[in-house]
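Step one of this worksheet: look at the structure below.
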């Protein structure tokens, strides 16, 4: 009897458990099933939420938009770039015929010793020139120092004792890349690839070779424009819009790294507006692999448009480190058009020296945040001085464009047409004011080396015209004569005691007004191979010094 009662009770208990489980009271069978997730019937929802308010009655004349469902995760914004790239092959096939290899040769003359270690002229696979700030000429070369120079030379004392020795000549080879921008043979590349080259050889993708000539070059932006002559129309790479390029966009780089042949690498735009120390820097940063030899090649977007000219890498070894830089094509296009039309770049000039507005300076000048460009000095005879800009002013906008920091103002001024009057907003003693300034032309200083074509005729100095910028740099008061910018160690100029910042006023009693005057008179003196008498101004004093021909030293 007891067993029957126990069996009945057990059956009843099991039945109750199953009933509760199916009803969802306990997380047993079916609690995680799809049926448990299914929404209840409308009547059941109403019973489960008796406190939910009823919708308000419609108001006549008022349209109520229906509720919208929330967007799915990763849904693109309106106008956002979308798409999946499965292969760059179609893009590469379209673009690579317009990319060329650029091989350059430069004749180099150096003073050296007949003994001692001599560094080579650099090789085709090295790459010191691709580091940021490198502005040389002669392609991407090795980092070896020129023969007969450099610190720490164990033969330096012997050289001083026995003299410089004879001059040695050699040909320095370099390489780079370029992109064809017109069917008649114009090619855009870097200034540091072709700037000082004596010979330029261009190889197309179909292996045809041409000799190119320099149309124009611009060291400020590191751009060069060269041209080859051909009867056939050449493939052209279309130029895009770098302003619409976004950080994160896919890009490819094409060039001839290490002279291994045309190579394609891919990456993204890592950053924009990078500053590496130049007045007009606005680089696109990318992690697409860029190596020595890529300089001058194009950076291309997924539309098949050039958005930049590859120019530098950040590296301690000379090889790719995942940080490369390209000149934005919007800047390059403007420079290219001027080089093509005039052979040089004409830039606007304001006549100020500026500096960063730090948080401390912003607080001292009563600004709510660091912004603008602080005027450290203003040329009284320049556009800024004539327009009323003073030292201590903070420029907040130029010609309607906000000036967020000191890097933006030079580029805005440079792009302004000459003689155009523009409004400049400044803060002075806490008060905002707008001044009208007429922009002048920035005079690029002529630079020349005091050297003759004959061996041993090198004075070892570099001189330039005295522009307002040069006068400010060397703290010069006058503008007569030419200023010495560089003096080579152990050169005749160094032996004569000349220094950078000295102003050469006369050569052999003949007055010097320009670089052309100096070069002509120096060449005459060097041809005669006789000592030359120079009248030099240093600070507020003048002095005479004699430069002896290098053959007479020792």
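Residue numbers (the working numbering): 1210 to 1763.
All C-beta atoms in this analysis are idealised placements derived from N, C-alpha and C, irrespective of residue type, glycine included.
Q: Let me know the secondary structure DSSP gives residue 1504 once reduced to three states.
A: Within the chain shown, the letter at position 295 stands for residue 1504. Residue 1504 sits in coil when the DSSP states are folded into three classes, being neither helix nor strand.
Q: Pull up the DSSP beta-bridge partners for residue 1511, would you.
A: For the purposes of this step, residue 1511 is taken as the residue at position 302 of the chain shown. For residue 1511, which the question treats as bridged, DSSP gives no partner whatsoever.
(Q) Assuming contact is defined by CB atoms lying nearer than 8 Å, are residue 1648 and residue 1625 in contact in what I supplied? (A) Here the question's residue 1648 lines up with position 439 in the chain shown. Here the question's residue 1625 lines up with position 416 in the chain shown. Contact: yes.
(Q) Output needed for residue 1689: all residues of its chain with C-beta closer than 7 Å, excluding positions within five of it in sequence on either side, in chain order. (A) Residue 1689 sits at position 480 when you count from the first residue of the chain shown. 1714 and 1722.
Q | residue 1632 versus residue 1643 - alpha carbon distance | A | For the purposes of this step, residue 1632 is taken as the residue at position 423 of the chain shown. For the purposes of this step, residue 1643 is taken as the residue at position 434 of the chain shown. The straight-line gap from Cα to Cα measures roughly 6 Å.
Q) Are the beta-carbon atoms of residue 1461 and residue 1474 separated by less than 8 Å? A) Start at 1 with the first residue of the chain shown, and residue 1461 comes out as number 252. Start at 1 with the first residue of the chain shown, and residue 1474 comes out as number 265. Taking 8 Å as the Cβ cut-off, residue 1461 and residue 1474 qualify as a contacting pair.
Q.
Going by DSSP in three states, residue 1250 sits in which element: helix, strand or coil?
A. Here residue 1250 refers to the residue found at position 41 when the chain shown is read from its first residue. Here the model assigns residue 1250 a pLDDT of 44, short of 50, so the residue's position is not dependable and the matter cannot be decided.
Q.
Are the CB atoms of residue 1536 and residue 1520 within a distance shorter than 8 Å?
A. Along the chain shown, read from residue 1 onward, the residue named residue 1520 stands at position 311. Along the chain shown, read from residue 1 onward, the residue named residue 1536 stands at position 327. Against a cut-off of 8 Å, the Cβ pair of residue 1536 and residue 1520 comes out as a contact.
Q.
In this structure, how does DSSP classify residue 1471 when only helix, strand and coil are distinguished?
A. In the chain shown, residue 1471 corresponds to position 262, counting from 1. It is coil, neither helix nor strand.
Q | Reference residue 1419; option with closest CA among 1401, 1427 and 1438 | A | Position 210 of the chain shown, counted from the first residue, corresponds to residue 1419. Among 1401, 1427 and 1438, the Cα nearest to that of residue 1419 belongs to 1438.
Q) Under 8 Å between C-beta atoms, does residue 1641 make it to chain C? A) Structure shown: chain C not included; a single protein chain is present.
Q.
Pull the bridge partners of residue 1651 from the DSSP assignment, please.
A. Counting from one through the chain shown, the residue named residue 1651 turns up at place 442. Residue 1651 is not bridged to any residue.
**Q.** Integer Cβ distance of residue 1758 from residue 1730, believed to fall under 8 Å
**A.** For the purposes of this step, residue 1758 is taken as the residue at position 549 of the chain shown. For the purposes of this step, residue 1730 is taken as the residue at position 521 of the chain shown. Contact flag wrong, Cβ pair sits at about 15 Å.
Q: Only counting runs of 3 or more residues, tell me where the beta strand (DSSP E) segments fall wholly within the stretch 1610–1649, in order along the chain.
A: 1630–1637 and 1640–1647
**Q.** Host beta strand (DSSP E) of residue 1463 (start-end)
**A.** As a working note, residue 1463 is residue 254 in the chain shown. According to the DSSP assignment, residue 1463 belongs to the beta strand (DSSP E) that extends over 1459–1464.
Q: Please report the Cβ distance between residue 1612 and residue 1575, rounded to the nearest whole angstrom; I am assuming they are in contact, meaning their Cβ atoms lie under 8 Å.
A: Within the chain shown, the letter at position 403 stands for residue 1612. Within the chain shown, the letter at position 366 stands for residue 1575. 17 Å between Cβ atoms; not a contact.
Q: State buried or exposed for residue 1406, treating a residue as buried only when at least 16 other CB atoms are found within 10 Å of its CB.
A: As a working note, residue 1406 is residue 197 in the chain shown. Classification of residue 1406: buried, given that the 10 Å Cβ count is 16 or more.
Q) Grouping DSSP H, G and I as helix and E and B as strand, with all else coil, what is residue 1735? A) The residue you call residue 1735 lines up with position 526 of the chain shown. Note: residue 1735 maps to helix in three-state DSSP.
**Q.** residue 1744 in three-state terms, based on DSSP
**A.** Within the chain shown, residue 1744 is the residue found at index 535, counting from 1. Reduced to three states, the DSSP call for residue 1744 is strand.
**Q.** Per-residue DSSP class, three states only, for residue 1371
**A.** Locating residue 1371 in the chain shown gives position 162, counting from the first residue. Legend: pLDDT at residue 1371 = 44, less than 50; position of this residue unreliable, no value from coordinates given.
**Q.** Same chain only: Cβ atoms within 6 Å of residue 1561, ignoring 5 sequence neighbours per side
**A.** Position 352 of the chain shown, counted from the first residue, corresponds to residue 1561. The answer, listed in chain order, is 1584, 1587 and 1593.
Q.
Helix, strand or coil, according to DSSP, for residue 1725 in the structure here?
A. Your numbering for residue 1725 matches position 516 in the chain shown. Residue 1725: helix per DSSP, three-state reduction.
Q) Taking just the CA atoms, how far does residue 1430 sit from residue 1692? A) Within the chain shown, the letter at position 483 stands for residue 1692. Within the chain shown, the letter at position 221 stands for residue 1430. Cα-Cα distance, rounded: 24 Å.
Q) Touch check for the stretch 1529–1543 and the stretch 1512–1519: three-plus C-beta pairs under 8 Å? A) yes
Q. Smallest Cα separation from residue 1389: which of 1316, 1383, 1315 and 1309?
A. Locating residue 1389 in the chain shown gives position 180, counting from the first residue. Ranking 1316, 1383, 1315 and 1309 by Cα distance to residue 1389 puts 1309 first.
Q: Would you tell me roughly how many angstroms separate the C-alpha atoms of residue 1753 and residue 1740, rounded to the nearest one?
A: Counting from 1 along the chain shown, the entry for residue 1753 is found at position 544. Counting from 1 along the chain shown, the entry for residue 1740 is found at position 531. Each residue's Cα considered, the two are about 13 Å apart.
Q. Start and end of the beta strand (DSSP E) containing residue 1570?
A. Taking the chain shown and counting its residues from 1, the one referred to as residue 1570 is at position 361. Careful: residue 1570 lies outside any beta strand (DSSP E), inside the alpha helix (DSSP H) at 1568–1573.
Q. Among the residues of its own chain, which have a CB less than 7 Å from the CB of residue 1434, if the five just before and after it don't count?
A. Locating residue 1434 in the chain shown gives position 225, where the first residue counts as 1. Contacts found: 1395, 1397, 1424, 1425, 1545, 1548 and 1549.
Q. By DSSP, does residue 1689 sit in helix, in strand, or in coil?
A. To locate residue 1689, count along the chain shown from 1; it is residue 480. Of the three classes helix, strand and coil, the one that applies to residue 1689 here is coil, per DSSP.
Q: Figure out for me which residue from 1744, 1378, 1604 and 1610 has the closest Cα to the Cα of residue 1640.
A: Indexing the chain shown from 1 puts residue 1640 at position 431. Nearest option by C-alpha distance: 1604.
Q.
Buried or exposed for residue 1436, going by 16 or more other Cβ atoms inside 10 Å?
A. Sequence index remark: in the chain shown, residue 1436 carries index 227 (1-based). Under this definition residue 1436 is a buried residue.
Q. Are residue 1511 and residue 1459 closer than 8 Å when you measure CB to CB?
A. Residue mapping note: residue 1511 aligns to position 302 of the chain shown, counting from 1. Residue mapping note: residue 1459 aligns to position 250 of the chain shown, counting from 1. Remark: C-beta atoms of residue 1511 and residue 1459 approach each other more closely than 8 Å.
Q | Where residue 1546 falls: helix, strand or coil (DSSP) | A | Numbered from 1 along the chain shown, position 337 holds the residue referred to as residue 1546. Correct three-state label for residue 1546: helix.
Q: Output the distance between the C-alpha atoms of residue 1602 and residue 1555, rounded to the nearest integer angstrom.
A: Counted from its first residue, the chain shown places residue 1602 at position 393. Counted from its first residue, the chain shown places residue 1555 at position 346. Near 27 Å, if we compare the C-alpha coordinates of residue 1555 and residue 1602.
Q) In three-state terms, what does DSSP make of residue 1305? A) Taking the first residue of the chain shown as position 1, residue 1305 is located at position 96. The answer is helix: DSSP assigns residue 1305 an H, G or I state.
**Q.** For residue 1436, the first and last residue of its enclosing beta strand (DSSP E)
**A.** Translated into the one-based positions of the chain shown, residue 1436 becomes position 227. Run containing residue 1436: 1432–1436, per the beta strand (DSSP E) assignment.
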